[in-house]
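Beneath this line is the structure, given in structure tokens, with notes to follow.
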Amino acid sequence: MDTRSKKTANDPSTETHDAKAGELATREFELQQIERALQERERRMKQHEVAHEQRATAMEHDRRTLDRERDQMISKISELEVREKEVEKRWQDFETTRLEDSASNIPAHSTPHKPNHLDRYNYPRETLGRRDYSYDVRNQRFDRNRDNTRNEFNRNNDRRTNDRAEQSVCKYCKNFGHTIDECRKRLHNNSQHERLGNLSGPSGHRSQNPTDEKRNTRPIRIVETEEKETERPTEPESQSKILYNFHTRPRSH
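The numbering of the sequence shown is full-length UniProt numbering, which starts it at 1 and goes up by one.
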């Protein structure tokens, strides 16, 4: 048996050399992996740079395009404003000319200073409301749609005017200064006084002339005969007839 080969196989220097060779191989493999990773990263960075450059170029192109379109829009707006002013001036000139022509061609029968009798049919008439007593109801000639400034409606000549509109008007006797309740009360009191025979004097509704007072007598009937004149005795009238004469007697205003 060869003892020298055994010594070589079991030599510690050989084992150390093999270990170092293995470590070197491992480090070399790791370095290769790191190098490949760095290369991949560089490649990706280059791709990103190229993409950023392309994006920047596109943005610059878009910006220039927008600037060009903005300039075109501003120029178009200016042109439109100028054209609008020209059209407005032409329209004003046309309207002025048309109005001048139409004014010069107005016929003589339709001049404004001549009244047209048909104009009253073109306006709505005033609707009369419910009758109120703010004016003199005895004035039958009063009409809201008539001209009240003529001579027959002159305040200086017409006694039936609207000067006493603020006073109260009796709806029964159509007189100013009292209401219908006061008028009814006065009528009742007068009838009571006449019934009792102590009528003191003429009331507001009777004539102010004392000779117009109704007396409780009948007219004397004279019978002419050959011998002598006879007088028929007077007979008192009934109270109902007195009241009838009082209500039917004409009133003085």
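Glycine included, C-beta positions come from ideal geometry on N, C-alpha and C. If you're wondering where the values come from, they're calculated on a predicted model, not measured in any experiment.
Using the Cβ count rule (16 or more neighbours within 10 Å means buried), how would you classify residue i?
i, result
"residue 82", "exposed"
"residue 87", "exposed"
Residues bridged to residue i by DSSP?
i, result
"residue 176", "169"
Any idea what DSSP makes of residue i, helix, strand or coil?
i, result
"residue 197", "coil"
"residue 105", "coil"
"residue 20", "helix"
Could you check how far apart the C-beta atoms of residue i and residue j are, in whole angstroms? I think they sit under 8 Å.
i, j, result
"residue 180", "residue 171", "5 Å"
"residue 167", "residue 177", "6 Å"
Leaving out five residues on either side along the sequence, give the residues of the same chain with a beta carbon under 8 Å from the beta carbon of residue i.
i, result
"residue 51", "none"
"residue 184", "172"
"residue 49", "none"
"residue 73", "none"
Does the beta carbon of residue i sit closer than 7 Å to a beta carbon anywhere in chain B?
i, result
"residue 39", "Protein chain content of the structure displayed is limited to a single chain, and chain B is not contained in it."
Which residues in the same chain have their Cβ closer than 7 Å to the Cβ of residue i, if we skip the five residues on either side of it in sequence?
i, result
"residue 60", "none"
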